[in-house]
Amino acid sequence: MNLFSTLYRFRLMAIVTLVLFSVLHAAPIAIMPLGDSITFGATLSALEDDPELEGRTGGYRKHLWYMLQNAKIEADFVGTESAGYNIEPPIDPDNEGHPGWTAADIAGWTYSILSTNPPDVILLHIGTNDNSTSVSGVNAILDQIDRYETESGKKIKIYIALIIDRRTHDPIYHDFNKNLMQLVGTRIRLGDNLTLVDMHGRAALQPATDYADEIHPNDAGYYKMAQVWFSALTGPETPGLYAYPYVIADAVYVDENSLLVDYGTNSVQFDVEVPDEGITF
Amino acid sequence: MKQTLCMILGTLLLAGCGGGGSSQNSGGYTQTTSMKEGETYTVHKGDQIVKSSSEKTVIHVTHIDGHEESAVTLVSGSATIKHP
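For the protein sequence lines, the chains are A and B, in the order given. The numbering used here applies: residue -7 is where the first sequence begins, and numbers increase by one. The numbering used here applies: residue 73 is where the second sequence begins, and numbers increase by one.
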């Protein structure tokens, strides 16, 4: 069986699983888009203050909604925010996109947010407003999700994105994403149900055509983001290529300079030192 | 009758899977493979790679997303693959 047919088989199985989940569950899959203004769908920094414009603000959520509908996957976007309620054809406008919020801001409200609208799946794109290479805020969000899962007994699948860059390349985002790979890989190794989604690399937003301003994508950029989320949601449940090295070994043993991801073969390769305790695959 | 036959066949199949190689039975691992520098091996989910000596050991890993197995090459040092 060649690589293409194997990947196709995985994709087909994942779509069938999602469809079966929604049918057998008798309720749609509750998907929580969680993050900042990029999740909200802003195309201008001040957009959130205009209710009329907010009604037409869908961002990636609009395109993802249509993709899920076309794939016959019954979804329910959940969240306390609402944006895109005037879009035609209609979408589910509910979300947890909070313009201007940092990861630490989100962490402070995560437990409350989950208690109000318990999701089956979270799509997390956060860190743009942090202006820092630290992922401690993201770690705090994941701690709060763990706490909610433990106390409620509900299991949540989390897709967490390597965040998109600014229109003008900002090296802070590169280092933030590098730290995020290590964080996600480590947490998967310790038992979290996460998939690292390479939104930055796979969406590959182009500065000249895919941005509305310095931070926010335009509709074409958001469409690319939706494609990446959809692909992750309907693909095999994996750690994600950039998280995989850190799933099998602690970051100190992984030679990050050797790390190479190839989307043509959908593979990752890297050198890793074998620690005294060994490496378990 | 059919159930008995299935049980016998199943037992034989399981017994067959455990055979071959330089078998050991320690720490839940039933089989080990000594890696040679520059050679590539397939490891499956649950397999473990351990150092065979105290020297620094580096492996090169290639993994395809969604697959349960990975290809592993011994770059330097010495290592053993333990199979469950």
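C-beta atoms are modelled at their ideal positions from N, C-alpha and C, and glycine is treated no differently.
A direct Cα-to-Cα measurement between residue 167 of chain A and residue 126 of chain A gives close to 8 Å. Spatial neighbours of residue 139 of chain A in its own chain (CB-CB distance under 7 Å, excluding positions within 5 residues in sequence) are listed in chain order as 103. Spatial neighbours of residue 151 of chain B in its own chain (CB-CB distance under 7 Å, excluding positions within 5 residues in sequence) are listed in chain order as 107, 121, 122, 123, 124, 129, 131. Per DSSP, the beta-bridge partners of residue 24 of chain A are A:114.
Its Cα nearest to that of residue 141 of chain A, the residue A:183 stands out among A:170, A:183, A:159. Not a single CB atom of chain B sits nearer than 8 Å to the CB of residue 219 of chain A. Residue 102 of chain B is outside the set of residues whose beta carbon lies under 8 Å from a beta carbon in chain A.
DSSP places residue 200 of chain A outside both helix and strand once states are collapsed to three, so it counts as coil.
Here residue 231 of chain A has 176, 177, 180, 186, 187, 188, 239 as same chain residues with Cβ atoms under 8 Å from its own Cβ, once five neighbours each way along the sequence are excluded. Boundaries of the alpha helix (DSSP H) harbouring residue 62 of chain A: 51 to 62, taken from the DSSP string. Residue 208 of chain A sits close to residue 34 of chain A, with the two beta carbons spaced by under 8 Å. With distances taken between CA atoms, residue 262 of chain A lies nearest to B:146 out of B:153, B:154, B:116, B:146. Taking a contact as a CB-CB distance under 8 Å, the pair residue 50 of chain A and residue 83 of chain A counts as one, their CB atoms being some 6 Å apart.
Listed in chain order, the positions of the region 249 to 266 of chain A with a beta carbon within less than 8 Å of a beta carbon of chain B are 250, 257, 258, 259, 260, 261, 262, 263, 264, 265, 266. Residue environment: residue 54 of chain A is assigned as buried (16 or more neighbouring CB atoms within 10 Å of its CB, all protein chains considered). By the Cβ neighbour-count rule, residue 117 of chain B is exposed, with fewer than 16 other Cβ atoms within 10 Å of its own. In the same chain as residue 25 of chain A, and ignoring 5 residues on each side of it, the C-beta atoms closer than 7 Å to its own belong to 31, 53, 69, 71, 87, 88, 89, 115, in chain order. Contact annotation: in the region 119 to 146 of chain B, residues whose CB is within less than 9 Å of a CB in chain A are 119, 120, 121, 122, 123, 126, 128, 129, 130, 131, 132, 133, 134, 135, 136, 137, 138, 139, 140, 141, 142, 143, 144.
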